[in-house]
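**Student:**
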Amino acid sequence: MIQVENLHKAFGEVRAVDGVSFAARDGEITGLLGPNGAGKTTTLRMLYTLMRPDSGRVLVDGIDSGIDPLAVRKRLGVLPDARGLYKHLTARENIDYFARLQGVPAGVAAHRRDTLIKVLEMGDFVDRRAEGFSQGQRVKTAIARALIHDPKNVILDEPTNGLDVMATRRMRQFMRDLRAEGRCVLFSSHIMQEVAQLCDRIVVIAKGRVVADEPPEALRTQTGESNLEEAFVKIIGSGEGLAA
Amino acid sequence: MNSSLVVFLKEFRENLRDRRTVLNALITGPLIGPLIFVMLINVMISRQLSQAEGPLRLPVIGATNAPNLIAELRQQGLDPQPPVADPIAAVRNRDVAAVLRIPPAFGESWHTGEPAQVEIYYDSSRRETQQVVNRLKEMVQRYSRLTGAMRLVARGLSSTLASPVLVDERDQSTPQSRAGALFSILPYFFVLTVFIGGMYLAIDLTAGERERQSLEPLFVNPVAPWRILLGKVAAICVFSACSLLICIVAFTVAGRFIPTEKLGMALGLGPVFAVEVLVLMLPLVLLIAALETLVAAFSKSFREAQTYLSLLMLIPILPSIMLSLFPVKTASWMYAVPLLSQQVAITELLLGGSVTAAQIGTCLVCGFAVAALMLAVTARVYGSERLAISV
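For the record, the sequence lines run as chains A and B. Take the first sequence: its position 92, counting from 1, is numbered 92 in the numbering used here, and each next residue is one higher. Take the second sequence: its position 263, counting from 1, is numbered 507 in the numbering used here, and each next residue is one higher.
1. Which of the three DSSP states, helix, strand or coil, is assigned to His88(A)?
2. On the DSSP bridge list, what partners appear for His8(A)?
3. Just to confirm the assignment, what range does the alpha helix (DSSP H) spanning Cys486(B) have?
4. Would you say Met171(A) faces chain B, with C-beta separation under 9 Å as the test?
5. Given that His88(A) touches chain B, what residues does it touch there, using C-beta distances under 8 Å?
6. Identify every run of the alpha helix (DSSP H) within the segment 583-620 of chain B, keeping only runs that are complete inside it and at least 4 residues long; order them along the chain.
7. Are the C-beta atoms of Lys152(A) and some chain B residue less than 9 Å apart?
8. Going by C-alpha to C-alpha distance, which of Leu116(A), Thr223(A), Leu228(A), Gln197(A) sits closest to Glu28(A)?
9. Does the Cβ-Cβ distance between Ile480(B) and Leu445(B) come in under 9 Å?
10. Under 8 Å, with one C-beta from each stretch per pair, do the segment 341-361 of chain B and the segment 373-382 of chain B reach the 3-pair mark?
11. Give me the chain B residues within the contact set of Phe265(A), using Cβ-Cβ distance strictly less than 7 Å, ordered along the chain.
12. If we count the other Cβ atoms within 10 Å of its Cβ and call it buried at 16 or more, is Ala329(B) buried or exposed?
13. Going by CA-CA distance only, name the one from Ile364(B), Ile590(B), Pro274(B) that's closest to Leu430(B).
14. Leaving aside the five residues before and after Ala142(A) along the sequence, list all residues of the same chain whose C-beta is less than 8 Å from its C-beta, in chain order.
15. Pick out whichever of Gly351(B), Tyr366(B), Ser368(B), Asp367(B) has its Cα sitting closest to the Cα of Ala360(B).
16. So is Gln249(A) in contact with chain B if we call contact Cβ pairs under 9 Å?
17. Determine the contact status of Leu528(B) and Pro582(B), defining contact as a CB-CB distance below 9 Å.
18. Helix, strand or coil for Phe187(A) per DSSP?
19. Measure the C-alpha to C-alpha separation of Ser188(A) and Leu33(A) and round it to an integer number of angstroms.
20. Would DSSP call Thr160(A) helix, strand or coil?
21. Taking any Cβ of chain A, which residues in the segment 437-460 of chain B have a Cβ under 7 Å from it, in chain order?
22. Going by Cα to Cα distance, which pick from Val335(B), Val384(B), Asp367(B) is closest to Gln319(B)?
23. Using a Cβ cut-off of 9 Å (strictly closer), state whether Lys544(B) contacts chain A.
24. So Arg209(A) packs on Val4(A), CB below 8 Å; how close in whole Å?
25. With burial defined as no fewer than 16 other Cβ atoms inside 10 Å of the residue's Cβ, what is the status of Phe281(B): buried or exposed?
26. Grouping DSSP H, G and I as helix and E and B as strand, with all else coil, what is Ile429(B)?
27. Would Arg179(A) and His149(A) qualify as a contact pair, given that the criterion is a beta-carbon distance under 9 Å?
28. Helix, strand or coil: how does DSSP classify Ile440(B) here?
29. What three-state label does DSSP hand Ile305(B) in the structure shown?
30. Counting only Cβ-Cβ distances shorter than 7 Å, please list the residues of the segment 107-121 of chain A near chain B, keeping chain order.
31. Which of the three DSSP states is assigned to Tyr366(B) in this structure?
32. Please report the distance separating the alpha-carbon of Leu284(B) from that of Met394(B).
33. Ala212(A) lies in the beta strand (DSSP E); which residues open and close that run?
34. Below 8 Å on C-beta distance, what does Val78(A) contact in chain B?
35. Does the structure place the segment 548-561 of chain B close enough to the segment 454-469 of chain B that three or more beta carbon pairs sit under 8 Å?
36. What number of angstroms, rounded off, separates the C-alpha of Leu76(A) from the C-alpha of Leu89(A)?
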């Protein structure tokens with residue numbers, strides 16, 4: 001469970017996040033949708049405690065990230081916007097490094113790693129060095145290392161970015177699996193189809209503010225548009241920066 | 245496992261697989277210094293020796309005007325070369341160090357008892373020719389004194405009449421101290437090695453990791469930034485300490501090829517010297533690793549960090565240059581200043597002087613204190629939220 005209360009963040013004159021509040025519940029997929037530059041990544045960075053909000057607070061399973069950031073990080077599995085791997089290490093070594101940093105006991109980590117390797121279909125490249133990995137292989141490795149400590153809450157920043165059609169389909173299925181396991185899944189996207197297909201709840205951000213926070217059907221009813229794409233354009237005020 | 249240790253082990257293992265890092269830390273960094281140094285010293289020593297003791301090969305114009313003078317100068321080590329057409333041009337063009345000219349009027353003045361003139365053409369702004377010119381002057385003056393004394397004796401006077409005051413020079417320099425200036429550059433090579441040995445790694449572990457977008461995922465782990473920093477700095481220290489160790493060993497081996505015996509001196513380049521240098525340099529290993537990481541953390545990219553660090557690399561040479569240009573008496577406060585203390589202590593050890601335990605202690609305590617301060621500043625920068633953000 002992730003609760004966000006009235007977050008503000010400014011970079012100089014630019015108010016990147018200007019009063020964002022929403023909640024992402026366990027057993028649900030919550031989508032953070034907005035055009036490029038709307039403040040999605042900045043919001044997520046404050047959620048996973050990489051940035052400190054100017055005001056407002058974030059609660060993860062009831063823990064205030066401003067008070068105990070390390071405890072919050074333990075409960076989060078994060079695929080950030082930046083997903084670089086260590087190219088001189090194999091995929092397996094990349095995953096193990098994060099397991100140790102998370103403080104997962106070696107036996108537990110090995111079991112969890114093997115499960116993730118199977119689920120993410122990483123078997124054919126797991127013992128190769130990350131240098132020269134395809135985009136899909138990189139994302140899979142980045143996700144495996146982010147989830148190695150079996151976090152209850154999962155934050156994915158544009159998880160399908162740069163993936164081909166097949167990899168994108170598998171990624172979406174993987175997110176549904178995470179939901180089925182009862183986790184709280186929060187992901188950002190600027191792709192409307194994806195959000196419409198996957199989400200139990202959609203939080204639309206534009207210009208640093210939440211402009212809608214509804215289940216997909218409610219969005220359609222609210223705007224009076226049967227087509228979700230039209231609904232988004234109506235909410236945001238323009239179609240700029242969105243992809244179908 | 246302690247998370248700093250986790251970071252350290254991973255950085256150590258990963259970078260052992262990186263050929264560029266290994267090459268830099270274990271070969272280029274530590275071996276270039278000793279190589280250049282030994283070559284330089286060899287050239288300088290053999291040149292100085294040949295100028296001081298070898299035959300003096302200089303063109304002489306009008307040698308036939310004073311055959312006795314030339315014969316005497318030959319005795320003293322002059323090897324007269326064929327005359328040059330234009331002595332001024334020859335000296336200015338650096339073809340020769342000096343030219344001796346004996347005017348045609350020499351013989352006539354000599355026989356009439358007038359002062360006979362010889363001319364020495366040289367360029368005093370060419371410092372390297374100073375020794376040659378002085379030797380030549382001294383040779384001529386010696387001949388002049390001898391002849392003068394003989395003339396007095398021939399007239400029944402004592403030769404001491406013409407020299408009422410006698411200067412007795414008592415030079416207190418030792419071969420060691422005369423060579424001091426040559427070797428005061430040596431500590432810089434040790435500092436440079438530590439700098440180069442850790443530089444590539446320090447840039448890579450902060451600026452490089454940010455550029456490759458792996459710093460943000462790393463910082464999402466539940467580990468305090470300063471713990472990550474400690475692991476990384478430890479990895480840098482290990483690599484630069486290896487560089488230093490190889491460099492010191494290379495110097496002790498290369499030291500055997502320096503013809504110090506020709507200078508009549510013994511360099512203290514033994515195992516004891518090696519251990520002492522290693523201990524003295526330890527604070528700098530930490531200080532430089534922290535400094536390099538700090539610069540890398542401030543830089544926006546790998547290239548930027550490289551540019552800054554290349555400039556920063558020139559700073560440690562300052563004490564070396566200062567001390568060789570303005571040799572000052574070693575004062576005890578110098579042992580409290582990092583860089584300067586290593587410079588002073590290592591030079592002292594090399595030239596057979598003694599460094600007390602208290603001085604080594606001061607050097608270590610102050611060095612580590614400054615290093616800890618640098619580390620604390622770097623940790624602050626590591627804790628700032630801008631550090632991990634890639635774009």
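Ideal Cβ positions, reconstructed from N, Cα and C, are used throughout, including at glycine.
**Tutor:** In brief:
1. Under the three-state reduction of DSSP output, His88(A) falls in the coil class, being neither helix nor strand.
2. Answer by DSSP bridge pairing, in chain order: Asp18(A), Ser55(A).
3. Per DSSP, Cys486(B) belongs to the alpha helix (DSSP H) from 469-498.
4. No, no contact with chain B.
5. The answer, in chain order, is Glu258, Asn259, Arg261, Asp262.
6. DSSP runs (the alpha helix (DSSP H)) wholly in the segment 583-620 of chain B: 584-594.
7. For Lys152(A), the answer is no, since every Cβ of chain B falls outside 9 Å of its Cβ.
8. The candidate whose alpha carbon is nearest that of Glu28(A) is Gln197(A).
9. With respect to the 9 Å criterion, Ile480(B) and Leu445(B) are classified as neighbours on the basis of their beta carbons.
10. Taking a cut-off of 8 Å on C-beta distances, the segment 341-361 of chain B touches the segment 373-382 of chain B, as three or more cross pairs fall below it.
11. The first residue shown for chain A is 1 and the last is 244, placing residue 265(A) beyond what the model contains.
12. With fewer than 16 other Cβ atoms within 10 Å, it is exposed.
13. Residue Ile590(B) is the option with its Cα nearest to Leu430(B).
14. Shown here for Ala142(A): same chain residues with a beta carbon closer than 8 Å to its own, the five before and five after excluded, namely Leu79, Arg83, Leu85 in chain order.
15. Distance check between Ala360(B) and each of Gly351(B), Tyr366(B), Ser368(B), Asp367(B) places Gly351(B) closest, using alpha-carbon atoms only.
16. Nothing in the structure corresponds to residue 249(A), since chain A is present only between 1 and 244.
17. Between Leu528(B) and Pro582(B), the C-beta gap is smaller than 9 Å, which places the two residues in contact.
18. When DSSP states are grouped into helix, strand and coil, Phe187(A) belongs to the strand group.
19. Straight-line Cα distance between these residues: approximately 6 Å.
20. DSSP places Thr160(A) in coil when its eight states are reduced to three.
21. Taking 7 Å as the upper bound on Cβ-Cβ separation, chain A lies near residues Arg456, Gln457, Ser458, Glu460 of the segment 437-460 of chain B.
22. Considering only alpha carbons, the answer is Val384(B).
23. Not an interface residue.
24. Going by Cβ atoms, the distance from Arg209(A) to Val4(A) rounds to 13 Å, so no, they are not a contact pair.
25. Phe281(B) is buried by the Cβ-count criterion.
26. In the three-state DSSP reduction, Ile429(B) falls in the coil class, being neither helix nor strand.
27. Result no, Cβ atoms of Arg179(A) and His149(A) do not sit closer than 9 Å.
28. The three-state secondary structure of Ile440(B), taken from DSSP, is helix.
29. Taken through DSSP and simplified to helix, strand or coil, Ile305(B) comes out as strand.
30. Going along the segment 107-121 of chain A in chain order, one finds no residue with a Cβ nearer than 7 Å to chain B.
31. Three-state result, Tyr366(B): coil.
32. In a straight line, the C-alpha of Leu284(B) is about 47 Å away from that of Met394(B).
33. Start and end: 209-214.
34. Simply Pro461, Val464.
35. No, the segment 454-469 of chain B is not in contact with the segment 548-561 of chain B.
36. Roughly 24 Å between the two C-alpha positions.
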